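Note sheet for the following structure.
In full-length UniProt numbering, the protein residues as written are 1 to 261.
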């Protein structure tokens, strides 16, 4: 395993006037667009991939998601080399706490941004290791051998209470939260296999398509599963902004045209 292939698509959907989602894909911010590419995955790799779903009146959601992703991009540019697994976990948790403070300070500086915040679900490739960070209800899935598995847990009131009648959009943990805040950081040491695909998405996808429908697209899409997922979510109603980011771990000898993202 020595390459990362990736594609991000971020779309406003069918009912919203503006797109508060954003993706970070190989150093590039993606909103109302798509972007893909490949990177080496090895001892020198420092790269981040993430989806953020902003919230807040005025332009708060758009600003919050961009601040968070720019912060993560800066983190991978400046994180020290040579961290062990525990050091990487601690470093990412420190970054998340600092990013939360940054969002709170930005909100406090402008009354029109007082309610802004954002989810963030990301994957960091660091010197041959893979770690994920999860805050809110954007999701992280792994697709392996035709099986889709949700790896993240929604930080939502519905998930917390187990009550299906609670609206799915009510979340208790997010960047910009002035109450109790935490980040789920996981090190996938030795658990990433060649051919694994990781799907990061906003709830504009997961609220529109079931896990079974998502799996079907990842299994069967002949062109671009990322584009197909966004299209299917819009066909299902597209009630919210939709952002999809797919990352594939591949052998060096595998050509890009054999791997559909």
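All C-beta atoms, glycine included, are put in the ideal place defined by N, C-alpha and C. Remember, it's a predicted structure, so these values are computed and weren't measured experimentally.
Judged by DSSP secondary structure, residue 10 falls within the beta strand (DSSP E) whose first and last residues are 3-11.
Spatial neighbours of residue 104 in its own chain (CB-CB distance under 7 Å, excluding positions within 5 residues in sequence) are listed in chain order as 176, 178. CA-to-CA, the gap between residue 29 and residue 121 works out to about 14 Å. Cβ neighbours of residue 173 within its own chain (closer than 7 Å, five residues either side excluded): 135, 136, 155, 181, 182.
The residue from 33, 76, 16 with its alpha-carbon nearest to that of residue 59 is 16. A check of alpha carbon separations from residue 74 across 98, 140, 219, 237 identifies 98 as the nearest. By the beta-carbon neighbour count (other beta carbons within 10 angstroms, threshold 16), residue 18 is exposed. A check of alpha carbon separations from residue 244 across 14, 25, 68 identifies 25 as the nearest.
DSSP places residue 36 in the strand class (E or B) of the three-state scheme. Sequence-distant partners of residue 167 (beyond 5 residues in either direction) whose C-beta falls short of 6 Å from its own C-beta are missing from its chain. The continuous beta strand (DSSP E) containing residue 54 extends over residues 46-55. The continuous stretches of alpha helix (DSSP H) do not include residue 245, which lies in the beta strand (DSSP E) extending over residues 242-250. Around the beta carbon of residue 7, 16 or more other beta carbons sit within 10 angstroms, so the residue counts as buried.
Bridge pairing for residue 28: 25 [DSSP]. For the set 218, 220, 241, 194, the Cα lying nearest the Cα of residue 4 is the one of 194. Unbroken beta strand (DSSP E) stretches of 3 residues or longer found wholly inside the segment 171-205: 184-187, 197-201, given in chain order.
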